[in-house]
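Number of protein chains: 2
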Amino acid sequence: MSENHVPPTTVQRLPVYLRCLLRAQSQRMALINSVGIAEMAGTNAAQVRKDLSYLGEYGTRGVGYDVDELAAHLSRWLGIDTERRAAIVGFGRLGSALQSYPGFEDRGVRVVAVLDADSAKVGTAVDGMTVESIEDAKEIFAREGVEIAIITVPSEAAQRATDKVVEAGVKAILNFAPASVEVPSDVVLRQADVAAELQILSFHLNRLRGARSTR
Amino acid sequence: MSENHVPPTTVQRLPVYLRCLLRAQSQRMALINSVGIAEMAGTNAAQVRKDLSYLGEYGTRGVGYDVDELAAHLSRWLGIDTERRAAIVGFGRLGSALQSYPGFEDRGVRVVAVLDADSAKVGTAVDGMTVESIEDAKEIFAREGVEIAIITVPSEAAQRATDKVVEAGVKAILNFAPASVEVPSDVVLRQADVAAELQILSFHLNRLRGARSTR
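In structure tokens, the structure reads:
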């Protein structure tokens, strides 16, 4: 697979397409065309065809895509055809919320461990898990097959927590702390930025208001 | 302002640029060029120049952008030069986590109300606020100047909560429930999808592994 050539903006849209296909499956659709995917995904059909073309040729012209086949293919590309295991680092309000977040179900990712630096929290039982010490990250990650760390510590502890999970061998990090952290070049880092989502909505509110005032 | 012509992918990057500029301000930088912004934002300089060109010409060739001026300009475009007020709808673990999320500070958005449909939760005090009934959404939103609703109810309640806030006059919604909801065409909806972030990381893990195995 020549994954290196898939543009980042296409990678960003793949989970959205997969979500649309899961919805199509739940509606018992067998086939879907690029127009159908685009409508659900909020993009246009040409973009869908271009994005999917990076993953190889799967649709049949005039017929569309086999929903199950394309969903399986996307899952493979996203590396979630076998379950991807994640750990939450930081058992505060957000860590606790994400530990029980129902949105990971059926999306190929499972939270299998919760870590914290605070010895007062270590040992707390949470929905069938027990909060463990970040000092034991390496052993915990090896034992549970953890490949992704979800950082939910306060900003001032974010770099320290990141260093710990990198030391423990994790190569993929989702940082929810509203602070920039540094990682080595062989580690993939994504910044979860809820404020950015709200700013994008705010941009659209301005536009809606502008559209109304010029009508 | 001709905001209608700004492509959605550019809009997505504007909050990232603003975040970089705030970081530059904290480092007491007066000027920054497109290369500097691109490095912080994880994109390339041509993209930065193109994106910013949609907002008008602000940089000086060979000198770069005035950090304070560009930050103020971006804030205006994002409609956060005056504080944008949001309400959390659904006082569960995630709603509680977002209500106290420190990442909204200095990003132009303030959570000013927390609503729930459960009468047992109404009246609960939370960090200087009191959980109020979703039945009173219209009055609460008018009183607090709420323009954005953040939906953090369980999936099965997401559409009902969305309908309530739309009825109450909100035109911008961020949905954290892992369920599709429908809104009228004059309402902007964004789906917060944490699982998608993890799937993108998973994609990169596959790529890293592929890169290692072909070396």
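From first to last, the protein sequence lines are chains A and B. Residues 14 to 228 (my numbering) make up the first sequence, in order. Residues 14 to 228 (my numbering) make up the second sequence, in order. Virtual Cβ for every residue (Gly too), placed ideally from N, Cα, C.
8 Å Cβ cutoff, residue i in contact with chain A
i: Ile101 of chain B; result: no
i: Pro115 of chain B; result: yes
i: Thr22 of chain B; result: yes
i: Leu107 of chain B; result: yes
i: Leu27 of chain B; result: yes
i: Ser215 of chain B; result: yes
i: Arg228 of chain B; result: Interpretation of Arg228 of chain B is limited by its pLDDT of 41, a score under 50 that renders its predicted location unreliable; no figure is taken from the coordinates.
i: Pro191 of chain B; result: yes
Residue-chain proximity (residue i, chain B), Cβ-Cβ < 8 Å
i: Leu221 of chain A; result: yes
i: Val201 of chain A; result: yes
i: Lys184 of chain A; result: yes
i: Ser66 of chain A; result: no
i: Ile164 of chain A; result: no
i: Asp206 of chain A; result: yes
i: Gly77 of chain A; result: no
i: Ala209 of chain A; result: yes
Where residue i falls, given that 16 or more other Cβ within 10 Å makes a residue buried
i: Met14 of chain A; result: Because Met14 of chain A carries a pLDDT of 46, less than 50, the predicted location of this residue cannot be relied on, and the following value inherits that uncertainty. Met14 of chain A should be labelled exposed.
i: Ser198 of chain B; result: exposed
i: Glu9 of chain B; result: The requested residue 9 of chain B is not part of the displayed model; chain B covers only 14 to 228.
i: Lys63 of chain A; result: exposed
i: Gly92 of chain B; result: buried
i: Pro21 of chain B; result: exposed
i: Ala208 of chain A; result: buried
i: Asp119 of chain B; result: exposed
i: Pro115 of chain B; result: exposed
i: Thr175 of chain B; result: buried
i: Arg228 of chain B; result: No answer about Arg228 of chain B holds up, because its pLDDT of 41 lies below 50 and its placement is not dependable.
i: Gly77 of chain B; result: buried
Alpha helix (DSSP H) segment containing residue i, residue limits
i: Ile101 of chain B; result: No alpha helix (DSSP H) holds Ile101 of chain B; the beta strand (DSSP E) holding it covers 97-102.
i: Leu31 of chain B; result: 21-39
i: Val183 of chain B; result: Here Val183 of chain B belongs to no alpha helix (DSSP H), and DSSP marks it neither H nor E.
i: Ile50 of chain A; result: 47-54
Anticipated Cβ contact below 8 Å, residue i with residue j, distance rounded
i: Val127 of chain B; j: Val139 of chain B; result: 6 Å
i: Ala205 of chain B; j: Leu218 of chain B; result: Not quite, the Cβ-Cβ distance comes to about 22 Å (not below 8 Å), so this is no contact.
i: Ile147 of chain A; j: Val196 of chain A; result: 16 Å between Cβ atoms; not a contact.
i: Val201 of chain A; j: Lys184 of chain A; result: 6 Å
i: Tyr30 of chain B; j: Ile50 of chain B; result: 6 Å
The beta strand (DSSP E) enclosing residue i, as first and last residue numbers
i: Ala150 of chain B; result: No beta strand (DSSP E) holds Ala150 of chain B; the alpha helix (DSSP H) holding it covers 150-157.
i: Val61 of chain B; result: Run containing Val61 of chain B: none in the beta strand (DSSP E); it sits in the alpha helix (DSSP H), 58-66.
i: Ile161 of chain A; result: 161-164
i: Val135 of chain A; result: Unbroken run through Val135 of chain A: none, as it is neither H nor E.
i: Val201 of chain A; result: 201-204
Residue i Cβ short of 7 Å to the ligand NAD heavy atom set
i: Glu160 of chain B; result: Within the structure as shown, the ligand NAD is missing, as the structure has no ligands at all.
Secondary structure, beta strand (DSSP E): runs of 3+ residues fully inside the segment 68-128 of chain A: 97-102
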